[in-house]
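*Asks:* In our numbering, the protein residues as written are 4 to 436. Shown below is the structure under consideration.
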């Protein structure tokens, strides 16, 4: 696997990811429905080998049940003069997600029981849902709410709830080994640029990157699923296989803004995924904030539950729930950028490259080999022969390349270059093969 990705490549992919996000932004995604299918079909054009599957409404998945499918044609509130005050067609956040159908006239006092706004963010439309409780409602800015006059209003939601399906996408990129790396993102938020689309488009770009490699060490299992119910449903069918073969996993979300990085560890904090993630963040990111697993909020909640216990972590830019735009109409395409996306992709590519190259080696000869006659003193781009000598001192069949990088204070990818040279001279061999 190539160890460098050019800035030109990252810049171009950043622009592509932003375009994908712009195309997907208007679609009305939820945990079920046509918007999800349209989003998955879009992703399939980018990833031809993506398999689109589904779970049927009513299926029992562990302690949960796949809900009815939700479809909405329109939703609006109009005043007594026929003026539409808010309209789903203007912004799909205006209707409470999974609202049941309604067609009724209400006084302002009555209507206020079905309205949701944010007094502390008067210009933002909140994103709210009611997946598992039948009700209806509208979301609007607090400024809009305060402008409503004391009159009767016509509330209309033309929606249907029916026995349908929950759709998801799965892509498996085969590697030389059976052990797998899990990459999981979700597809259930309408018009959320950072909290939703950044994860989808970065995961798609990462899948393209992996597919372009001639051979991968690990097999990569890539999921595009509705959050929570999607991971629960997928695990209910696959958990035993995943528990046996997943060596590291990453929930990819909130990776499109330009703020500092965030790290959410696994439940135990000591898995191989934790080791890889913290090593990359400590060495290739200027600054990041580590959160506690007690502050979890995405699909790591399911992957890391005790009876499943997969080694899954998450590297984000602004962590969900920590930025004021989160779950509002302000989490729009202006909140993310091509640069934010490309920089996050660069970090995830580093994750993949470290995973792919992090072997354990041991020497094949006693004492130090004579490096001079093999021309190995000049292997380092820093022209520091002591680095390779120190490396050989710790190649004991126990330390992996991450350990070695820490022990001798040499960049991981510089060590990979040393390792390749030593293997070529038949001085060391991998204990992993």
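Note that beta-carbon positions come from the ideal geometry of N, C-alpha and C, so glycine has one too.
In three-state terms, what does DSSP make of residue 195?
*Replies:* Position 192 of the chain shown, counted from the first residue, corresponds to residue 195. Three-state result, residue 195: coil.
*Asks:* So for residue 165, helix, strand or coil by DSSP?
*Replies:* By one-based count along the chain shown, residue 165 stands at place 162. Three-state DSSP puts residue 165 in a strand.
*Asks:* Extract the residue ranges of the beta strand (DSSP E) inside the region 82-156, only unbroken runs of 3 or more that lie entirely within it.
*Replies:* DSSP runs (the beta strand (DSSP E)) wholly in the region 82-156: 87-90 and 105-109.
*Asks:* Could you please give me the residues that DSSP links to residue 187 through a beta bridge?
*Replies:* What you label residue 187 is simply residue 184 of the chain shown in a count that begins at 1. Note: residue 187 sits in a beta bridge opposite 226 and 254.
*Asks:* Determine the burial state of residue 423: buried for a count of at least 16 other Cβ atoms within 10 Å of its Cβ, exposed for fewer.
*Replies:* Counting from 1 along the chain shown, the entry for residue 423 is found at position 420. Residue 423 comes out exposed.
*Asks:* Quick check on the DSSP output: the alpha helix (DSSP H) that includes residue 407 runs from which residue to which?
*Replies:* Within the chain shown, numbered from 1, the residue matching residue 407 stands at position 404. Per DSSP, residue 407 belongs to the alpha helix (DSSP H) from 404-411.
*Asks:* Here's a check: name, in chain order, each residue in its chain whose Cβ is nearer than 8 Å to the Cβ of residue 290, leaving out the five neighbours to either side.
*Replies:* Position 287 of the chain shown, counted from the start, is the residue given in the question as residue 290. Closer than 8 Å at Cβ, skipping near neighbours: 263 and 264.
*Asks:* Going by the CB atoms, is the gap between residue 201 and residue 162 shorter than 8 Å?
*Replies:* Indexing the chain shown from 1 puts residue 162 at position 159. Indexing the chain shown from 1 puts residue 201 at position 198. Not in contact: residue 162 and residue 201 (Cβ atoms no closer than 8 Å).
*Asks:* From this set, 109, 58, 91 and 63, which residue's C-alpha is nearest residue 82's C-alpha?
*Replies:* Here residue 82 refers to the residue found at position 79 of the chain shown. Here the closest residue by C-alpha is 109.
*Asks:* Starting from the C-beta of residue 16, find all residues in its chain whose C-beta is less than 7 Å away, skip the five residues before and the five after it, and write them out in chain order.
*Replies:* On the chain shown, residue 16 is found 13 positions in, with the first residue counted as 1. These residues qualify, in order along the chain: 208, 345 and 348.
*Asks:* Could you give the first and the last residue of the continuous alpha helix (DSSP H) run that contains residue 203?
*Replies:* Against the chain shown, residue 203 aligns to sequence position 200. 201-215 is the extent of the alpha helix (DSSP H) around residue 203.
*Asks:* Taking residue 411 as the reference, give the member of 392, 400 and 420 with the closest Cα.
*Replies:* In the chain shown, the residue the question calls residue 411 occupies position 408. For the residues 392, 400 and 420, the minimum Cα distance to residue 411 belongs to 392.
*Asks:* Starting from residue 57, follow the beta strand (DSSP E) in both directions and report where the run begins and ends.
*Replies:* Counting from 1 along the chain shown, the entry for residue 57 is found at position 54. 54-59 is the extent of the beta strand (DSSP E) around residue 57.
*Asks:* Can you tell me where the beta strand (DSSP E) with residue 292 in it begins and where it stops?
*Replies:* For this step, residue 292 is matched to residue 289 along the chain shown. From DSSP, the beta strand (DSSP E) with residue 292 extends over 291-293.
*Asks:* Work out the CA separation of residue 182 and residue 421 for me, nearest whole Å.
*Replies:* In the chain shown, counting from the first residue as 1, residue 421 sits at position 418. In the chain shown, counting from the first residue as 1, residue 182 sits at position 179. Cα to Cα, residue 421 sits roughly 26 Å from residue 182.
*Asks:* Can you give me the C-alpha to C-alpha distance between residue 303 and residue 36, rounded to a whole angstrom?
*Replies:* On the chain shown, position 300 is the one that residue 303 refers to. On the chain shown, position 33 is the one that residue 36 refers to. So the two alpha carbons sit approximately 24 Å from each other.
*Asks:* Which residues mark the beginning and the end of the beta strand (DSSP E) in which residue 266 is found?
*Replies:* Within the chain shown, numbered from 1, the residue matching residue 266 stands at position 263. Looking at the DSSP string, the run of the beta strand (DSSP E) that includes residue 266 is 264-267.
*Asks:* Just to confirm, is the Cβ distance from residue 210 to residue 259 under 8 Å?
*Replies:* In the chain shown, residue 210 corresponds to position 207, counting from 1. In the chain shown, residue 259 corresponds to position 256, counting from 1. Taking 8 Å as the Cβ cut-off, residue 210 and residue 259 do not qualify as a contacting pair.
*Asks:* Going along the chain, which residues of its own chain have a beta-carbon closer than 7 Å to the beta-carbon of residue 277, five neighbours each way excluded?
*Replies:* As a working mapping, residue 277 is identified with position 274 in the chain shown. Cβ within range, chain order: 268, 269 and 316.
*Asks:* In the DSSP output, what is residue 2 paired with across the bridge?
*Replies:* With the chain covering only 4 through 436, there is no way to say anything about residue 2.
*Asks:* Excluding five sequence neighbours on each side, which residues of the same chain lie with their C-beta closer than 6 Å to the C-beta of residue 383?
*Replies:* Within the chain shown, the letter at position 380 stands for residue 383. Only weak support exists for where residue 383 lies, its pLDDT of 49 falling under 50; the coordinates are left without a value.
*Asks:* Would you give the residue range spanned by the beta strand (DSSP E) that residue 34 belongs to?
*Replies:* For the purposes of this step, residue 34 is taken as residue 31 along the chain shown, with counting starting at 1. From DSSP, residue 34 is part of no beta strand (DSSP E); its letter is neither H nor E.
*Asks:* Work out the CA separation of residue 11 and residue 18 for me, nearest whole Å.
*Replies:* In the chain shown, residue 18 corresponds to position 15, counting from 1. In the chain shown, residue 11 corresponds to position 8, counting from 1. If I take the Cα positions, the gap works out to 11 Å.
*Asks:* What are the boundary residues of the alpha helix (DSSP H) that includes residue 391?
*Replies:* Position 388 of the chain shown, counting from 1, holds the residue named residue 391. It spans 388-397 - the alpha helix (DSSP H) in which residue 391 sits, taken as one unbroken run.
*Asks:* With 16 other CB atoms within 10 Å as the buried threshold, where does residue 107 fall?
*Replies:* As a working note, residue 107 is residue 104 in the chain shown. Exposed is the call here.
*Asks:* Taking the continuous alpha helix (DSSP H) assigned at residue 315, which residues delimit it?
*Replies:* On the chain shown, residue 315 is found 312 positions in, with the first residue counted as 1. Here residue 315 belongs to no alpha helix (DSSP H); instead the beta strand (DSSP E) covers 315-319.
*Asks:* Ordered along the chain, which non-local residues of its own chain (more than five positions away) have a Cβ less than 7 Å from that of residue 25?
*Replies:* Here residue 25 is taken as the residue at index 22 of the chain shown, counted from 1. So the qualifying residues of the chain are 336.
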